[in-house]
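Its first residue numbered 107, the sequence shown is counted upward by one per residue in the numbering used here. C-beta: ideal position from N, C-alpha, C; glycine also. Everything numeric in this text was worked out from a predicted model, so none of it was measured. What follows is one structure encoded as structure tokens, with my remarks underneath.
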Amino acid sequence: MELRQLRTFEAVVAHRTVTDAAVALDLAPSSVSEQIRTLERDLGVALFERGPRGMRLTAAGERLRGWARRLLDQADQARRDVQETRPVLRLGALETIAAVHVPAVLTRLAERRPDLVVEVRSDGARDRLMDAVAAADLDAALLLDIGNDLGGLGFGAPAAPLAFLDLGPVPLVLVAAPDHPLAAAPRLRKEDLYGRRLLVNVPACSFWLAGERLLGDRVERVRAGGVPVMRAWAERGLGIALLPWFAVADRVAAGVLARLAFDVPGLNLRLVWRGRADREALPGLREMLYASAASEAAGLPSPADEEVASR
């Protein structure tokens, strides 16, 4: 067995067809087929069942799957030890996520992979992050989205194939100054918000897009700035703001902001990476998935959690 054959084997397992595996590996399909045939010949067993719907592992192939990953991991460790280099994972994140979520991810990731160097690039523009992932300038990026497809929140995705995984919910709330006319209402309808002043950032902002989905054009939009500015303006009675709960929970608890009694659909914290790159092959990406999910599960409570805790 050769390491290149095992990498090709993993690619076929991941992509199910020789053609897709060849695209991911930047090889000719004939080269992928030949490597798999050679590997099967050397082992003396069939590793795949070939069918019209793609390649399916045989029982022998399933047994090799675990061995292939362990052998490739050991080869990578040996290479790093000899070269005295540390693997690098380049992670992008929206500024709001970088400030609140990424520190916990880095802490948990350091526990799982102390050898891994993580370079974090924060940006206020989602498009720049996705373009960087598509161009392989970043290995992955954390952003906010919703739905079953990338861009379900209302933004466009690059033409390059991008894969994603939702790590957890990000609750949103409407907030205003405690003396705002809507703050004392026991329950608000959408119509109660029409004509009100909604503090926003820029049209590409995740919370602007969430507000578009929620209220359409029936509210007056007032350009304020990023999350800290929207929060500060709301505290001073300049309008209502649609913000993530983690950004306002302490201000609501302190009584300088009031959470309006209006149910708001939340967003998803989404990890995006280049679709043609097997996430198992990117240094530390698998561990970062675990670290991100774990830190999200252990993160700030949702508004509903705090309501229950206060009873």
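{"Query": "Which same chain residues end up closer than 6 Å to LEU200 when comparing Cβ atoms and leaving out the 5 residues on each side of it in sequence?", "Result": "LEU249"}
{"Query": "Quick check: what's the CA-CA separation for ALA429 versus GLY301?", "Result": "Shown here, the chain extends from 107 to 417; a query on residue 429 therefore has no answer."}
{"Query": "Would you kindly work out how many angstroms separate the C-alpha atoms of LEU315 and ALA246, rounded to a whole number?", "Result": "22 Å"}
{"Query": "Please report the straight-line C-alpha distance between GLY207 and GLY172, rounded to a whole angstrom.", "Result": "Inspection of the sequence shows that residue 207 is occupied by His rather than by Gly. One C-alpha to the other measures close to 32 Å."}
{"Query": "Would you mind stating whether VAL421 and SER139 have Cβ atoms separated by less than 8 Å?", "Result": "This structure cannot speak to residue 421, because the chain is shown only from 107 to 417."}
{"Query": "State yes or no: is the C-beta of LEU212 within less than 8 Å of the C-beta of VAL224?", "Result": "yes"}
{"Query": "Would you say VAL378 faces chain C, with C-beta separation under 8 Å as the test?", "Result": "Note that chain C does not occur in the displayed structure, where there is just one protein chain."}
{"Query": "Please report how far the alpha carbon of ALA404 lies from the alpha carbon of ARG214, in whole angstroms.", "Result": "Per-residue confidence for ALA404 stands at a pLDDT of 41, beneath the threshold of 50, marking its modelled position as unreliable; the derived number appears in the next sentence. The straight-line gap from Cα to Cα measures roughly 11 Å."}
{"Query": "Measuring straight from C-alpha to C-alpha, what distance separates GLN111 and ALA117?", "Result": "10 Å"}
{"Query": "From ALA310 to ARG380, what does the alpha carbon distance come to, in whole angstroms?", "Result": "22 Å"}
{"Query": "Comparing C-alpha positions only, which one of LEU348, PRO158, ARG196, GLY262 sits nearest to ALA242?", "Result": "ARG196"}
{"Query": "On the DSSP letters alone, give me the boundaries of the beta strand (DSSP E) that GLU155 sits inside.", "Result": "154-157"}
{"Query": "How many whole angstroms separate the CB atoms of ALA353 and PRO284, which I take to be in contact at a CB cut-off of 8 Å?", "Result": "ALA353 to PRO284, Cβ: 17 Å. No contact."}
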